[in-house]
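Residue numbers (the numbering used here), protein chains in the order written: chain W, 1 to 591; chain G, 1001 to 1591.
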């Protein structure tokens, strides 16, 4: 039994590593392994060691405090769920191989919940019946499972992870908008308290569905998500979602302005299939070319439809030669469940030309062109004929474009869709996501209520997620240096490490214990490094783990009745007199 | 946003039920549903509603505090685990259909951990390498999954539940014994703090294996486990494990003492197959009969053996006619992986007689007799011949008994195996279990360390489990009356309910809010029942949910500048003056 309330290094397990572990893919993953916070059990599956768990619990506590403060109600739903509720929402098939599926001993299909819209909506449908009970927001902090196609980066993309998921039910859109804003504000406070640099961006709603959504992106070069933000207004968006100004000068195709006289004419481009090859062969800028891509479009299925999906229909998509198609935007514009590039056979069958020589003129399928191509003239396109391109194409004149839409991947330097500013690119880690769901799930589960007039009304829902384990790693990804992690006070596993230089020596040991005791009593969580290791080893470990405040208790400073205090951020040492030490250190630890 | 820190009834979700829900099987299950603590998603799967979750978190906090106090180190291991580590321990097959199994998208076998010996031992093998790091006890509070053959009784036997599982690693048996005792003591404190009446009993080690174990049984008639305890000494045991005095008078077969002259002689017992039928036909007490049962015994497999198990060997088991065989004890005595009653065909083939007429004399298989049959004379047995029994059997003279062992199910009134006392029966809910594992898992995963001399030694392990969700329900099962739950202060979802009789009336509402505010500030968790319901409904709900202290704020008592305070246990109302109320109520809430 431990007489002192604080922990000693020797009583816990902090297996720091000198070497960089081979499995580590990005800096934060490497540091979490090296600092002894986590250990890998298998791909995408990690054990939280004592320090990792302490930091995780601090993130959880911040999330819980802010959720409670925002009036959200904590519950806990099962991870294991019966297939039936997923059939009811139509997502049993839709979720695909990302959802873990299993059978119980009675051969009943079960799933491991990757998210809980089905469970909560079913619950709300049964338990929330009157307008007097609305609006309500429920949340849980719970373990989720996703069979990621490529688990990686440690906790960043894991098969088992902890999520805060929340769900709001409102009487009407006004309720829903207010709940959404309340959660948005709570998320802002949560990530601020965690010490993250983050950006809120407009996001695509994806498989969860719904009207609009925002992502909270922790800014990091190693982030899996691209984002853009305007250098002039507040506009910011996930790259999947990002729009750009369609006007000329907003990154559009630089077409010659004046009237175009000549009709399109063929030019032989033998074997030149790529944009690069054609532009180099014809000696024109890639932006002069119009890229024509044939996509197969899978229409959205009706929710309860048991019939097989209709055949995939081909469409042509046109973008400037120097741009890429944003398939997320394309799918949304076409209201498609999915879009995919057509195979070579389909392309030849549809256009009569081999891949590389496809163009919009004469095609008998719907043609969607990027908005920047509106009015494009003097352009180069494929001729729908082997080894041939067309010059002097005027798109509106020569081709039958179904619609001009914003279809390109936005890039650094594009024009802002909201103002005259310029978009700047960056990368981020998605740590939070808020959605307006509308009635998508409420309809499936009949989550309705009686209004003040006794009329049945469908609830308007929202859903709100925070990747708790991912947030923890995002903090590490943002806050580190060559020596190790630099924990923000609010989520540090311990705020203070007390490091006696020579614990075998009684005065040194006892002064350290007394100080640790006083700090613990003042509510400062403190770890005592009681190991009989060389000071150099202990210093290195303290920096690697990244305790915000390091207190060294050594013979020399004790002779001056003092201890040496250093913060991890500025690495400046100050001598503090023993009698003042607890109060001054506690003061440094306040958040 | 809530300006006051306390919660209002209308802001949370407490769907109390007037009717008894059909699904409820025992009182606690019924009350947890009726009080709005939990809701069923599917068989053995429950959602914790706000009040249920609050109570659960309080149990968790008690567990965590006592584990930390005992020096155990908290970690968090994955629920999802790769098959390989279960193959390594030999339990992938052994766990049978109780373990949920699934495949990931790469068709790799995974399991949902029903327990974590494999993960922790693998971790310790990698991270604990020196005697200086030992002994250590790790624990986690985590969601477990078991595909119960018959999930029932709400949280009592669920498919998904929360467990505290702990694992100790020691240098030697002395370390292991000390860790075991430390956990034993911590468990005692935990269940005391939860307000449970419990008994620690000796238990069988079952599939987890190991040397010895104790179960912590919350006493309850609805408990799934039988237990006995001595009325004179400290002996207590799970019925599966319980022994009894083998001497005459200790519940043994009442055989006539003196010398037995006559040899066994046949008697026709046409169609009399059961003990009852024979004893009634022959007009002798059932205890005079010796019951002969043929069991098939599955020997223990070698751990890493890939060969199929050897055929099951038949043995005869003899017990007094009025007793039952304890198959758990039988399996242990025979060192068997499993025992099962033979089918009729095997019985006839082995004994030459149809079922109902089997006896020990002349059998050519091993015969195990209950110790109380040693020296039995003048007994009645089957004759291994249809429609025939034998009289005047003297077991030792007439049959070849391989061994006399304690093989019976113990019952109320049996003699204590440790003293001259008498065993008394009871029923309990297993809320905790401590095991001495020895080196079973450490051997499989090479969890060894270097001792002070640099020699490799295997760690001695222990494992320790608490059913956290089950403990919560055990509290309810023990602590209730006709009106509802009677929460012990330590685990009550809220300690105080403040109940304004008429919240629409400003003075009443404001006094209630002020009081709730003061209590919350003093650290007392309080719920304000702000519903505009009839007082009778609110009183009934308060009793049903079982808040320890109920404070009624009404016009009449307010006129006397007082509130009416009642505890759930004694139901006595006292008037307390408003200015004294916060301090006095806080005093009633101290634990």
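Using N, Cα and C, we set each Cβ at its ideal position, and we do this for glycine too.
Inset, instruction - Below 7 Å CB to CB, which residues in the same chain sit around residue 1023 of chain G once its five sequence neighbours on both sides are set aside? - result: For the purposes of this step, residue 1023 of chain G is identified with residue 23 of the second chain, where counting begins at 1. Apart from the 5 residues on each side of it in sequence, residue 1023 of chain G sits with its Cβ closer than 7 Å to the Cβ of 1040 in its chain, given in chain order.
Inset, instruction - For residue 574 of chain W, count neighbouring Cβ atoms within 10 angstroms of its own Cβ and tell me buried if that reaches 16, exposed if not. - result: For the purposes of this step, residue 574 of chain W is identified with residue 574 of the first chain, where counting begins at 1. The residue in question, residue 574 of chain W, is exposed, as its Cβ has fewer than 16 Cβ neighbours within 10 Å.
Legend entry - Segment contact, 8 Å Cβ cut-off, at least three pairs: the region 1230-1248 of chain G with the region 1341-1356 of chain G: no
Inset, instruction - Jot down the residue ranges of each uninterrupted beta strand (DSSP E) in the region 1306-1385 of chain G, minimum 3 residues, whole runs only, in chain order. - result: 1313-1320, 1336-1341, 1367-1370 and 1379-1382
Inset, instruction - Please check if any C-beta of chain W sits within less than 8 Å of the C-beta of residue 1136 of chain G. - result: In the second chain, residue 1136 of chain G corresponds to position 136, counting from 1. Residue 1136 of chain G counts as touching chain W.
Inset, instruction - Return the CA-CA distance between residue 5 of chain W and residue 21 of chain W, expressed in angstroms with no decimal places. - result: Walking along the first chain from the start, residue 5 of chain W turns up at place 5. Walking along the first chain from the start, residue 21 of chain W turns up at place 21. C-alpha of residue 5 of chain W to C-alpha of residue 21 of chain W: approximately 34 Å in a straight line.
Legend entry - Cβ neighbour criterion (16 or more within 10 Å) applied to residue 571 of chain W: For the purposes of this step, residue 571 of chain W is taken as the residue at position 571 of the first chain. The residue in question, residue 571 of chain W, is exposed, as its Cβ has fewer than 16 Cβ neighbours within 10 Å.
Legend entry - Inside the region 115-176 of chain W only - alpha helix (DSSP H) runs reaching at least 4 residues: 117-127
Inset, instruction - Could you run through the region 1175-1195 of chain G and flag, in chain order, every residue whose CB is less than 7 Å away from some CB of chain W? - result: none
Inset, instruction - Out of G:1325, G:1371, G:1300 and G:1346, point me to the one whose CA is closest to residue 1338 of chain G's CA. - result: Stepping through the second chain from its first residue, residue 1338 of chain G is reached at position 338. Of G:1325, G:1371, G:1300 and G:1346, the residue nearest in Cα terms is G:1300.
Legend entry - Contact residues within the region 74-89 of chain W, judged by C-beta distance below 9 Å to chain G: 74, 75, 76, 77, 78, 79, 80, 81, 82, 84 and 85
Inset, instruction - Could you run through the region 1012-1026 of chain G and flag, in chain order, every residue whose CB is less than 7 Å away from some CB of chain W? - result: Flagged, chain order: 1012, 1013 and 1015.
Inset, instruction - Grab the span of the beta strand (DSSP E) containing residue 1587 of chain G for me, first residue to last. - result: For the purposes of this step, residue 1587 of chain G is identified with residue 587 of the second chain, where counting begins at 1. Careful: residue 1587 of chain G lies outside any beta strand (DSSP E), inside the alpha helix (DSSP H) at 1581-1588.
Inset, instruction - May I ask you to report which of helix, strand or coil DSSP gives residue 472 of chain W? - result: Mapped onto the first chain, residue 472 of chain W falls at position 472. Three-state DSSP puts residue 472 of chain W in a helix.
Legend entry - residue 334 of chain W CB to nearest heavy atom of the ligand MN below 7 Å: The ligand MN is absent from the structure shown, which contains no ligand whatsoever.
Inset, instruction - Using beta-carbon positions only, say whether residue 1271 of chain G and residue 1321 of chain G come within less than 8 Å of one another. - result: As a working mapping, residue 1271 of chain G is identified with position 271 in the second chain. As a working mapping, residue 1321 of chain G is identified with position 321 in the second chain. Not in contact: residue 1271 of chain G and residue 1321 of chain G (Cβ atoms no closer than 8 Å).
Inset, instruction - Kindly confirm or deny that the region 1456-1474 of chain G and the region 1023-1032 of chain G touch, where touching means at least three C-beta pairs closer than 8 Å. - result: yes
Legend entry - Amino acids of chain G, ordered along the chain, whose beta-carbon sits closer than 8 Å to that of residue 46 of chain W: Mapped onto the first chain, residue 46 of chain W falls at position 46. Residues of chain G with a Cβ closer than 8 Å to the Cβ of residue 46 of chain W are, in chain order, 1078.
Legend entry - Residue closest to residue 1366 of chain G, alpha-carbon to alpha-carbon, out of G:1067, G:1168 and G:1296: For the purposes of this step, residue 1366 of chain G is taken as residue 366 along the second chain, with counting starting at 1. It is G:1296 whose Cα lies nearest to the Cα of residue 1366 of chain G.
Legend entry - Residue from G:1265, G:1008, G:1043 and G:1089 whose Cα sits closest to the Cα of residue 1050 of chain G: Translated into the one-based positions of the second chain, residue 1050 of chain G becomes position 50. Ranking G:1265, G:1008, G:1043 and G:1089 by Cα distance to residue 1050 of chain G puts G:1008 first.
Inset, instruction - Note down, in chain order, each residue of its chain lying with its Cβ closer than 6 Å to the Cβ of residue 100 of chain W, except the 5 sequence neighbours on either side. - result: Residue 100 of chain W sits at position 100 when you count from the first residue of the first chain. Closer than 6 Å at the Cβ level, and outside the excluded window around residue 100 of chain W, lie 112, 145 and 147.
Inset, instruction - Would you identify the three-state DSSP class for residue 233 of chain W, choosing helix, strand or coil? - result: Counting from 1 along the first chain, the entry for residue 233 of chain W is found at position 233. Coil, per DSSP.
Inset, instruction - Confirm, please, whether the CB-CB distance from residue 1167 of chain G to residue 1444 of chain G is below 8 Å. - result: For the purposes of this step, residue 1444 of chain G is identified with residue 444 of the second chain, where counting begins at 1. For the purposes of this step, residue 1167 of chain G is identified with residue 167 of the second chain, where counting begins at 1. No, Cβ-Cβ distance for residue 1444 of chain G and residue 1167 of chain G is not below 8 Å.
Legend entry - DSSP three-state assignment for residue 1416 of chain G, whether helix, strand or coil: As a first step, residue 1416 of chain G is located in the second chain; it is residue number 416 there, counting from the start. In the structure shown, residue 1416 of chain G sits in coil (DSSP, three-state: anything other than H, G, I, E or B).
Inset, instruction - Can you have a look at residue 249 of chain W and say buried or exposed, based on whether 16 or more other CB atoms are within 10 angstroms of its CB? - result: In the first chain, residue 249 of chain W corresponds to position 249, counting from 1. Residue confidence is low: residue 249 of chain W scores 39 on pLDDT, short of 50, so the model does not pin down where it sits. Its coordinate-derived value is still stated next. Counting Cβ neighbours within 10 Å, residue 249 of chain W comes out exposed, since fewer than 16 surround it.
Inset, instruction - Name the two residues that bound the continuous beta strand (DSSP E) containing residue 1103 of chain G. - result: Position 103 of the second chain holds residue 1103 of chain G. 1101-1103 is the span of the beta strand (DSSP E), which, as asked, contains residue 1103 of chain G.
Inset, instruction - Give a yes or no on whether the C-beta atoms belonging to residue 1380 of chain G and residue 1395 of chain G are separated by under 8 Å. - result: For the purposes of this step, residue 1380 of chain G is taken as the residue at position 380 of the second chain. For the purposes of this step, residue 1395 of chain G is taken as the residue at position 395 of the second chain. Result no, Cβ atoms of residue 1380 of chain G and residue 1395 of chain G do not sit closer than 8 Å.
Inset, instruction - My understanding is that residue 498 of chain W touches residue 526 of chain W, with C-beta atoms under 8 Å, so please give their C-beta distance in whole angstroms. - result: As a first step, residue 498 of chain W is located in the first chain; it is residue number 498 there, counting from the start. As a first step, residue 526 of chain W is located in the first chain; it is residue number 526 there, counting from the start. Yes, they are in contact, since the Cβ atoms of residue 498 of chain W and residue 526 of chain W sit about 6 Å apart, within 8 Å.
Inset, instruction - Could you name the residues of the same chain whose beta carbon sits closer than 8 Å to that of residue 1334 of chain G, not counting the 5 residues immediately before and after it, in chain order? - result: Reading the second chain from its first residue, position 334 is the one you call residue 1334 of chain G. Around residue 1334 of chain G: 1297, 1315 and 1368.
Inset, instruction - For residue 143 of chain W, decide whether its Cβ has a neighbour in chain G, counting only Cβ atoms nearer than 8 Å. - result: For the purposes of this step, residue 143 of chain W is identified with residue 143 of the first chain, where counting begins at 1. Yes - at least one Cβ of chain G is within 8 Å of the one on residue 143 of chain W.
Legend entry - Start and end residues, beta strand (DSSP E) containing residue 289 of chain W: On the first chain, residue 289 of chain W is found 289 positions in, with the first residue counted as 1. Premise fails: residue 289 of chain W is in no beta strand (DSSP E) and is neither H nor E.
Inset, instruction - Establish whether the CB of residue 1246 of chain G and some CB of chain C are separated by less than 8 Å. - result: Among the protein chains in the structure shown, which are W and G, there is no chain C.
Legend entry - Inter-stretch contact at 8 Å, needing at least 3 Cβ pairs: the region 1067-1086 of chain G / the region 1131-1142 of chain G: yes
Inset, instruction - Could you tell me whether any Cβ in chain W is nearer than 8 Å to the Cβ of residue 1576 of chain G? - result: By 1-based counting over the second chain, the position of residue 1576 of chain G is 576. No, because no Cβ of chain W sits closer than 8 Å to the Cβ of residue 1576 of chain G.
Inset, instruction - Using a threshold of 8 Å, state whether the C-beta atoms of residue 460 of chain W and residue 176 of chain W are closer than that. - result: To locate residue 460 of chain W, count along the first chain from 1; it is residue 460. To locate residue 176 of chain W, count along the first chain from 1; it is residue 176. A contact, by the Cβ cut-off of 8 Å.
Legend entry - Between the CA atoms of residue 1149 of chain G and residue 1383 of chain G - distance to the nearest angstrom: Numbered from 1 along the second chain, position 383 holds the residue referred to as residue 1383 of chain G. Numbered from 1 along the second chain, position 149 holds the residue referred to as residue 1149 of chain G. The straight-line gap from Cα to Cα measures roughly 39 Å.
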